[in-house]
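Numbers given in our numbering equal positions in the sequence shown, counted from 1, plus 39.
We treat Cβ as the ideally placed atom computed from N, Cα and C, and that holds for glycine.
Report on one structure; see the data block that follows.
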Amino acid sequence: MDNTKLWGGEPYYGLDYEFDPQWFLTDEQKKLQRQLIEVCHDVLRPNAAKCDESGAYPWESVKALAELRLLGCIVPEKWGGRGENHTGLAMIGETITRYGCPSTGVIFMMHMAGLAALLFRAGGNLAIQELLARIDTDVMIGSASYTDPETGGHFWYPKVSGVERVDGGWHVRKRSAFTTSCGEARWMTTQTTSPGFDGDYSDLSVFLVYEDEMKPNPGLWDVMGMRATSSGPVDFDVVLPEDRMVGPPGDGAASNDEAVNAVGMIMYGALYCGVAMGALDIAKRYTTQRRHANFGQCVADYPTTHDVYGTSLVDAQAARMFLFSFCQQLDRTTNNGDWTLYEDDPDARPRSAYILWGLKVKEVAARAASEVTERMFRLFGGSGFSRNLEIERLLRDSKAGWVMGPSNEVTRGMVGRWALHGGEAVDWWNQRPNVGLLNAEIGKLDPEGKRKLIAELESTLA
Ligand SMILES: Cc1cc2nc3c(=O)[nH]c(=O)nc-3n(C[C@H](O)[C@H](O)[C@H](O)COP(=O)(O)OP(=O)(O)OC[C@H]3O[C@@H](n4cnc5c(N)ncnc54)[C@H](O)[C@@H]3O)c2cc1C
């Protein structure tokens, strides 16, 4: 295979394959990567600027991904997909974003998060298998509608939701604050508290919902970056057939750990490594061309540029190595990304064991994207403000990774608590009282304050 990276038939203007960890990829995956770069050149990249400008949803780009059979890339072959492993998925996500369009990358990411929830419980569920079989042929773009308006980036904690068993299925109620592909997605997975909810927010259930069964509000997406993702609010108030519950009642936490988080964190890593690499690529093109007549030097000749470019490349590469190494380990523990393994063993949890690593992948990649893009922006000088040079769009897009759930602050908090006090201390659903803090606060009360507190507590027991 020729080792020159091509862009529209010409040598690529950015960093060549010698700066990509190609050794993680099989020959098949390298071939797919080249095809996808071509599609990015022809379709996704021209669309990125247009859709950023207008806020229009990039349907042409989504269709181009379906033509390459990428909407179902991780669907096992026996259910009609390409059967890609985690490493392949990361390569695809990164390629879409780096050479094509970050908004399309987010659309692809949230589609994959929803798809993972379906794949986890596709065995024996014909309603799910029917969707999987036509995901590319019918361009069935989907999404994962989880974030609740009251709990924000703690997307695994749905407050404004509920479900009851009714004649013929489930009455599902749910409000989501943000959902990518809002008003465009043909299906979504969503998560509610379980039937018979008794106050335990870790008891969650998952549903597959089609476009005519939801109430999207895409008009509320008028934003600074990731403008083409249509990530608006969605309401659900619908009776769904029995088989649209994905897995059994109460399966939500397992679905998150094993499927949505695992794939979601890979996609975060891929997407934001792609943003960082994309910024480095266009900065290489610009700084090697922009000359200052007084010194007879271009911006790329200044030692300060070498320093900032080198630092940024190392940061982006470190995030990529983390991502691909994580994927490689998931491939090892899942028989190379086999989603059919739950058919024989519904209790298998090979991915869940690595959730902590997934969180770290997300944090590192989102941070690299934000910081690298900002540094590259400065190398453009005032010209960086020009829309034509694309760096200002990447700068705006790069900011989404940090705040998307779990935000980098929340992620670091969880990793730190886990490291210092053990996994239980992460307390995903805020169920463990902080007894030391409670006693310290009670100690501040005078006798009258204590009596008042006792009365208030007793009234809650009545
Ligand atoms: C482009 C885009 C696409 C999205 N697509 C989807 C989608 O398809 N599906 C979906 O379900 N969601 C989606 N989201 C939502 C996203 O995942 C987050 O849930 C959302 O961005 C959180 O925003 P918020 O305003 O509720 O922030 P909040 O969660 O209210 O956070 C506000 C601030 O508080 C901080 N904070 C919160 N808790 C803590 C804590 N315990 N300790 C310290 N700091 C804390 C945060 O770090 C942040 O700085 C999308 C968001 C964006 C921007």
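Original post:
From what residue to what residue does the alpha helix (DSSP H) around Q230 run?
Top reply: Per DSSP, Q230 belongs to no alpha helix (DSSP H); it is in the beta strand (DSSP E), 226–232.
**OP:** Flag H193 as yes when its Cβ comes closer than 8 angstroms to any non-hydrogen atom of ligand 1, and as no otherwise.
**Re:** Yes, Cβ of H193 sits closer than 8 angstroms to a heavy atom of ligand 1.
Subject >> Unbroken beta strand (DSSP E) run spanning R204, endpoints >> reply: That run of the beta strand (DSSP E) goes 200–205.
Subject >> Every unbroken alpha helix (DSSP H) within the segment 127–175, with a cutoff of 4 residues, ordered by chain >> reply: Taken in chain order, the whole alpha helix (DSSP H) runs of length 4 or more contained in the segment 127–175 are 141–159, 165–172.
Original post:
Can you tell me where the beta strand (DSSP E) with D274 in it begins and where it stops?
Top reply: D274 -> beta strand (DSSP E) spans 271–280.
Original post:
Counting Cβ pairs closer than 8 angstroms, one from the segment 382–396 and one from the segment 325–332, do we hit at least three?
Top reply: Proximity of the segment 382–396 to the segment 325–332 falls short of the contact definition, fewer than three beta-carbon pairs being nearer than 8 angstroms.
Original post:
How is the beta strand (DSSP E) around R212 delimited, first residue to last?
Top reply: Counting along the chain, the beta strand (DSSP E) containing R212 begins and ends at 208–218.
Original post:
Which full runs of the alpha helix (DSSP H) of 4+ residues lie inside the segment 84–108, going along the chain?
Top reply: The segment 84–108 contains these whole alpha helix (DSSP H) runs: 84–93, 98–106.
Subject >> Helix, strand or coil at V245 according to DSSP, with G and I counted as helix >> reply: For V245, the three-state secondary structure derived from DSSP is strand.
Subject >> Stretch-stretch touch, CB-based, cutoff 8 angstroms, three pairs: the segment 180–187 with the segment 217–224 >> reply: With the cut-off at 8 angstroms, the segment 180–187 and the segment 217–224 touch.
**OP:** Run the proximity test for V442: is its beta-carbon closer than 8 angstroms to any non-hydrogen atom belonging to ligand 1?
**Re:** It does: the Cβ of V442 is within 8 angstroms (strictly closer) of some heavy atom of ligand 1.
**OP:** Put Q367 into one of helix, strand or coil per three-state DSSP.
**Re:** Helix, per DSSP.
Original post:
Looking at C-alpha atoms only, which residue of D91, S425, M415, F275 is the closest neighbour of V338?
Top reply: Of the residues D91, S425, M415, F275, the one whose Cα lies closest to the Cα of V338 is M415.
**OP:** Identify whether R330 lies in helix, strand or coil by the three-state DSSP scheme.
**Re:** Shown here, R330 sits in a strand according to DSSP, grouped into three states.
Subject >> Beta-carbon gap between T379 and R390 smaller than 9 angstroms >> reply: It is not a contact, given that the beta carbons lie outside the stated cut-off.
Original post:
For S351, which of A318, E57, V302 has the nearest alpha-carbon?
Top reply: Here the closest residue by C-alpha is A318.
Original post:
So, do the segment 284–304 and the segment 152–164 have three or more beta carbon pairs nearer to each other than 8 angstroms?
Top reply: Because the criterion of three Cβ pairs below 8 angstroms is met, the segment 284–304 and the segment 152–164 touch.
Original post:
Leaving out five residues before and five after P197 in sequence, what residues of the same chain have Cβ atoms less than 8 angstroms from its Cβ?
Top reply: For P197, where only same-chain residues beyond five positions count, the Cβ hits under 8 angstroms are Y185, D187, T190, K213, Q230, T231, T232, Y240, L243.
Original post:
Which residues share a DSSP beta bridge with K564?
Top reply: Outside the displayed span of the chain (40 to 501) sits residue 564, for which this structure offers no information.
Original post:
Is N447 near ligand 1, in the sense that its beta carbon is under 8 angstroms from a heavy atom of that ligand?
Top reply: A heavy atom of ligand 1 is found nearer than 8 angstroms to the CB of N447.
Original post:
Would the beta-carbon of Y185 be found less than 8 angstroms away from any heavy atom of ligand 1?
Top reply: Answer for Y185: yes, Cβ within range of ligand 1.
**OP:** Give me the Cα-Cα distance between A494 and E431, rounded to the nearest whole angstrom.
**Re:** Their backbone Cα atoms lie some 58 angstroms apart in a straight line.
Original post:
A183 lies in the beta strand (DSSP E); which residues open and close that run?
Top reply: Here the beta strand (DSSP E) through A183 covers 181–184.
Original post:
For the 8 angstroms Cβ check, are there 3 or more pairs between the segment 122–137 and the segment 68–75?
Top reply: Yes, since at least three Cβ pairs between the segment 122–137 and the segment 68–75 fall closer than 8 angstroms, the two stretches touch.
Subject >> Residue environment, T412, which counts as buried when at least 16 other CB atoms sit within 10 Å >> reply: If you draw a 10 Å sphere on the C-beta of T412, you find 16 or more other C-beta atoms in it, and that means buried.
Original post:
What are the boundary residues of the alpha helix (DSSP H) that R490 is part of?
Top reply: Per DSSP, the unbroken alpha helix (DSSP H) holding R490 starts and ends at 486–500.
Subject >> Neighbour-count burial assignment, W226, 16 or more Cβ in a 10 Å radius >> reply: Around the beta-carbon of W226, 16 or more other beta-carbon atoms lie within 10 Å, marking it buried.
Subject >> Coil, strand or helix - W457 by DSSP >> reply: Helix at W457.
Subject >> Enclosing alpha helix (DSSP H) for N478 [first to last residue] >> reply: Where N478 is concerned, the enclosing alpha helix (DSSP H) stretches over 474–481.
Subject >> Nearest to P115 (by Cα), restricted to the options A172, V78, W98, M148 >> reply: Among A172, V78, W98, M148, the Cα nearest to that of P115 belongs to A172.
Original post:
Are the segment 56–66 and the segment 359–376 in contact at 8 angstroms, needing three or more beta carbon pairs?
Top reply: Result yes; three or more Cβ-Cβ pairs closer than 8 angstroms.
Original post:
Can you find at least 3 beta carbon pairs, one from the segment 399–409 and one from the segment 329–338, that sit closer than 8 angstroms?
Top reply: No contact exists between the segment 399–409 and the segment 329–338.
Original post:
Got a sec: does ligand 1 put a non-hydrogen atom nearer than 8 angstroms to the Cβ of V454?
Top reply: Incorrect: V454 has no Cβ contact closer than 8 angstroms to ligand 1.
Original post:
Can you name, in chain order, every residue of its own chain whose Cβ lies under 6 angstroms from the Cβ of V403, other than the five neighbours on each side?
Top reply: Correct list, in chain order: A358, F361.
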